[in-house]
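Okay, structure first, notes after.
Protein chains: 2
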Amino acid sequence: MTVAARRTVPLIDLRPVGHVIGMLAACLGLTMLVPMGFDIHAGNGHWHVFLATSVITTMTGGLTAIACANGTADRLSIQQTFLLTTGVWVALPVFGALPFLFQPIGADVTDAFFEAVSGVTTTGSTVFADLEEMPEGILVWRSMLQWFGGIGIIIVAMVFLPELRVGGMQIFRSEAFDTMGKILPRAAQIASQISWIYVWLTFTCFLGYLALGMDRFEAVNHALTTVSTGGFSTSDASFGAFQGGPEYLASVFMILASLPFVRYVQLLAGTAQPLWRDAQIRAYLMVISAATLVLASFEIAADEATFEPALREAVFNVTSIISGTGFASVDYQLWGAFAMVVFFFLGLIGGCAGSTCCSIKIFRYQILMSAIAAQIRRIHTPHGLFAPRFEDRRVSDDVLSSVMAFFVLFIVSLGLLAVGLGLTGLDVVTSISGAGTAIGNIGPGLGPIIGPSGYFGPINDTAKWLLIAGMISGRLELMVVYVIFTRSFWRD
Amino acid sequence: MTVAARRTVPLIDLRPVGHVIGMLAACLGLTMLVPMGFDIHAGNGHWHVFLATSVITTMTGGLTAIACANGTADRLSIQQTFLLTTGVWVALPVFGALPFLFQPIGADVTDAFFEAVSGVTTTGSTVFADLEEMPEGILVWRSMLQWFGGIGIIIVAMVFLPELRVGGMQIFRSEAFDTMGKILPRAAQIASQISWIYVWLTFTCFLGYLALGMDRFEAVNHALTTVSTGGFSTSDASFGAFQGGPEYLASVFMILASLPFVRYVQLLAGTAQPLWRDAQIRAYLMVISAATLVLASFEIAADEATFEPALREAVFNVTSIISGTGFASVDYQLWGAFAMVVFFFLGLIGGCAGSTCCSIKIFRYQILMSAIAAQIRRIHTPHGLFAPRFEDRRVSDDVLSSVMAFFVLFIVSLGLLAVGLGLTGLDVVTSISGAGTAIGNIGPGLGPIIGPSGYFGPINDTAKWLLIAGMISGRLELMVVYVIFTRSFWRD
Ligand SMILES: [K+]
Ligand SMILES: [K+]
């Protein structure tokens, strides 16, 4: 190849990336006919907006896919994979925001894009108030965005992240494909199996909510946003409108949605042992139980609450925050500062890898704690050899340094985002908890504005854009996004 | 040795530890005659309390040292070194608290011990109000405790921590003793050199404060607490009582006190290059400059402040917080949420290793950022070899994992301490900033109670004891204290 020829082609061929993103956008456009159907069924006058955005999205996506078709390759390079992943989580919210923008609900560009990003990243922070007054189409569209975002991230986390060696996810590479290899040879097959499990979980959750008294519309929406650990609701009061049985059911499904989905595939293949023995799942359930007991006891002691509502409120809200779903059934800030601090740090724990959960995630804490324990033994016995372990296996240096780098990056990003939010004029609690809830894809923050009984509408536009950046980076394990902004990424 | 004989001796011989602690306590007891002198000179009636506590401390310390004398060895084992370091920072505040307890200033056991720990750890959080009404002896004693704590930690950080391989400090081992080896063969000599530099810095600072208008008593106290980056003051208003020139002078000496002291030793030996070329120092000065510029601009833009006071207030308060001194000249919380968030995270940066500074410290961020950069290059070029670097040298895996473990431990400790403080009923901002200021040995927190214009008197006793644990652990790089609480420490 001559130098001149080289110059005509960019260093990274963006066409395969554009092709896939275009195809996904076209599919997203087609799904906009669903909320249109809901609006027609409910007799809402503005259903044609969904038809228009559907046509725009499908055509734009389709044309992009066709334009980029001659660049398709059998395999994406590592650079292309990074660009594809980030590109999907930026482009789909752009199209997903169109219905919010063009429906007569008073959303400007910032609000519409914020809501769509909050949907696709399964964060669940909302800028909309008076949800009860919203047209059914808009509410369903919000829930659908979360549901797509949920299955999307599971597949990315299972198929792409281990290959990209991001944030220590490579520890699940050999595991998933070694043990799976015998049963299911190809990633595409796993992805399809997982999608069916996801659909089945959603449907079961829907039936459960119906049985416990939600109407069909509420049950559909909450099933979509429970299984995706998204947390959008059809009511400003979130689960405050569905106290009692639905809270227990939601807790069960939020937990199911935050376990590694590969275990369900193995379960279907007839082996339950990996599920029972999974160290992540055990630690996760232990943390939930401990936090629930402490908070319920605290609530009973402090507010003289009775046992049943106290336990229910504790288990529901703990599960909701640690899984990053972000439903709220009470304003737990009223339980006092202790509860606020606990909920803030629970959000920084997160669920299991390979699920819809975001944040730091249980397995990273397990690896970090094991590394610190090894460190301690090495300090007082300098000539011994102690290595961190996870699930009875040695953690390689590569995985360990990825996990630690992720942790540092998470905390530093949170700090910088909090400083940025403070600079826009938000108060300290809103800034720090807002940064945490965005990067951790949780949903509610703390304080009077963005706390569990508030919403993100009143904050300024600059802060909203900062939070958008935080939600997307956090959803893609930070590194996937940050890598793209380094010079060496484009040079090599 | 028979089994019976083994049982009569504990696995770790505590006598050498007791011997050294006893000797140090005896010395501390003798120094209590200094505040006695101040009280006599000022005509305060209760000077005899210092005589009594001096006799008690000197005798208890001396007797302990004699009782443990037959256990002295040429070399301490690693276990003994850990116990000695932690023991010193627990035992000296116990004796240091006696004057606070027995002087008629209304301090109970908790307050007296809190103030002494805050002194010896150079934290500078105070439980006392109306400092202007305090007897001179008490004020000098507070300042002296910080000054002793400051020189103590420099020597521990230079001589012990690198040997104990704690928190990545081992990176300074070869450096200090390789380059130093040719000039000064022994650690004791370095320690003595550093002590003289410390004395000289203090005296120069004292003269400077005198020249800029402090009276002799104020100048002595502030010189002692500036050079130790301690932050106790003789006035409730802290440096609010000495605005103008003293703020600039204090900024200079706070910076000098937070640089690696080994550079001064080299400077005296005739080589200034290590000082100019030190990567830590450069990064530290850059962070201070950047934060100062941003905050001063912000203050000018937001409050229409004029250039000079804005720059002065910014540089003084930034230096004070990042160096962990904790003087305040204004309530920077009034600058708005942005300033609060910036000051919170500045406190989590800290100064250079090998100084009196605490917190995470600049060199750890440099190593972590280099590790993340190496990670990023490794991600998109999987077969390349990229290693983190510090000062143009490869960072060993041992150092890197120590640094990362320290960072994780710091953040997790901060989180747990904040939850604990919340449990005692403190509000969110007080809990989280209180945890940060204690573990980072900074001084002031945020919020109305413990903020720069508040003090730690009003908080509850449980919270004070939690903060005491945080201050001691933080001062000793966490790991030195935590190691002692592991079973394997006592077993091996
Ligand atoms: K969520
Ligand atoms: K301090």
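Residue numbers (the working numbering), protein chains in the order written: chain V, 710 to 1201; chain R, 710 to 1201.
C-beta atoms are modelled at their ideal positions from N, C-alpha and C, and glycine is treated no differently.
Since this is a predicted model, take the numbers as computed values, not measurements.
So the alpha helix (DSSP H) residue i belongs to, where does it begin and stop?
i: Val829/R; result: 818-829
i: Lys1173/R; result: 1170-1184
i: Tyr993/R; result: 988-1012
i: Phe791/R; result: 787-805
i: Ser1140/V; result: 1137-1148
i: Met867/V; result: It is not in any alpha helix (DSSP H) - Met867/V carries neither H nor E in the DSSP assignment.
i: Tyr973/V; result: 970-977
i: Tyr1206/V; result: What the structure shows of chain V is the stretch from 710 to 1201, and residue 1206/V is not part of that stretch, so it cannot be assessed.
i: Ser1197/R; result: 1196-1200
i: Val1192/R; result: Looking at the DSSP string, Val1192/R is not in any alpha helix (DSSP H), and its letter there is neither H nor E.
i: Pro1018/V; result: 1016-1031
i: Phe941/V; result: Element bounds for Phe941/V: n/a, residue is neither H nor E.
i: Ala928/V; result: 925-936
i: Pro1157/R; result: 1156-1159
Just confirm the distance between the C-beta atoms of residue i and residue j, as a whole number of angstroms; I'd bet it's less than 8 Å.
i: Ala1096/V; j: Arg1103/V; result: 5 Å
i: Gly1160/V; j: Pro1153/V; result: 6 Å
i: Ile1069/R; j: Phe1119/R; result: 6 Å
i: Trp856/R; j: Leu933/R; result: 4 Å
i: Thr938/R; j: Thr1065/R; result: 5 Å
i: Ile1076/V; j: Val1117/R; result: About 10 Å separates the two Cβ atoms, so there is no contact after all.
i: Val726/V; j: Gly796/V; result: 6 Å
i: Ala806/V; j: Ala821/V; result: 4 Å
i: Asn1026/V; j: Ala1037/V; result: 7 Å
i: Gly738/R; j: Ala774/R; result: The Cβ separation is near 11 Å, so there is no contact.
i: Ile964/R; j: Thr1028/R; result: 6 Å
i: Leu793/V; j: Val836/V; result: About 28 Å; that fails the 8 Å criterion.
i: Ser1032/R; j: Ala928/R; result: No, Ser1032/R and Ala928/R are not in contact; Cβ-Cβ is about 20 Å, not under 8 Å.
So which of the options has the shortest CA-CA distance to residue i?
i: His1092/R; options: Gln1042/V, Arg874/V, Ala774/V, Thr835/V; result: Arg874/V
i: Gly858/V; options: Val971/V, Gly940/V, Val1189/V; result: Gly940/V
i: Val974/R; options: Ala900/R, Ser944/R, Ile1193/R, Thr819/R; result: Ala900/R
i: Met1204/R; options: Leu1185/R, Ser834/R, Arg1196/R, Val1050/R; result: The displayed coordinates of chain R run from 710 to 1201. Any statement about residue 1204/R would go beyond what the structure contains.
i: Phe881/V; options: Ile1148/V, Val1121/V, Ser1111/V, Gly1145/V; result: Ser1111/V
i: Ile1088/R; options: Ala825/V, Leu1187/V, Gly846/V, Gly917/V; result: Leu1187/V
i: Trp1044/V; options: Thr1133/R, Asp1107/R, Leu1109/R, Phe1072/R; result: Thr1133/R
i: Leu916/R; options: Phe962/R, Thr943/R, Ser944/R, Thr767/R; result: Phe962/R
i: Glu824/V; options: Ser1197/V, Glu842/V, Val803/V; result: Val803/V
i: Leu848/R; options: Gln812/R, Met878/R, Val818/R, Cys914/R; result: Gln812/R
i: Ala946/R; options: Glu841/R, Ala1178/R, Ile1158/R, Thr790/R; result: Glu841/R
i: Val996/V; options: Tyr1074/V, Lys1173/V, Phe1194/V, Val1190/V; result: Tyr1074/V
i: Ala959/V; options: Leu910/V, Ala978/V, Ala988/V; result: Leu910/V
i: Asp722/V; options: Val1192/V, Leu984/V, Gln789/V, Phe926/V; result: Gln789/V
i: Ala1000/R; options: Pro969/R, Ala928/R, Cys777/R, Ala1048/R; result: Ala1048/R
i: Ile1058/R; options: Val1192/R, Cys914/R, Phe809/R, Leu994/R; result: Leu994/R
i: Ala988/V; options: Glu1100/V, Tyr918/V, Ala1147/V, His757/V; result: Glu1100/V
i: Ile1141/V; options: Ala776/R, Phe1053/R, Gly1131/R; result: Phe1053/R
i: Gly1056/R; options: Ala1005/R, Ala1144/R, Ile906/R; result: Ala1144/R
i: Leu921/R; options: Ile1158/R, Phe951/R, Ile1151/R; result: Phe951/R
i: Leu968/R; options: Leu984/R, Ala735/R, Val1039/R, Asp1170/R; result: Leu984/R
i: Val971/R; options: Arg925/R, Ser904/R, Ala992/R; result: Ser904/R
i: Tyr918/V; options: Gly953/V, Tyr907/V, Val908/V, Ile906/V; result: Gly953/V
i: Ala992/V; options: His757/V, Met741/V, Ala1062/V, Ser1197/V; result: Ala1062/V
i: Ser1197/V; options: Asp924/R, Gln1084/R, Leu1125/R, Ser786/R; result: Gln1084/R
**Prompt:** Which residues count as close to ligand 1 when the rule is a CB under 6 Å from any of its heavy atoms, in chain order?
**Reply:** Thr831/V, Thr832/V, Gly833/V, Thr938/V, Gly939/V, Gly940/V, Gly1033/V, Thr1034/V, Gly1035/V, Asn1150/V, Ile1151/V, Gly1152/V
**Request:** Kindly provide the ranges of any alpha helix (DSSP H) runs that are 4 or more residues long and lie completely inside the segment 1038-1108 of chain R, ordered along the chain.
**Result:** 1046-1056, 1071-1089
**Request:** Would you list, in sequence order, the uninterrupted alpha helix (DSSP H) runs of no fewer than 4 residues that lie entirely inside the segment 728-775 of chain V?
**Result:** 742-751
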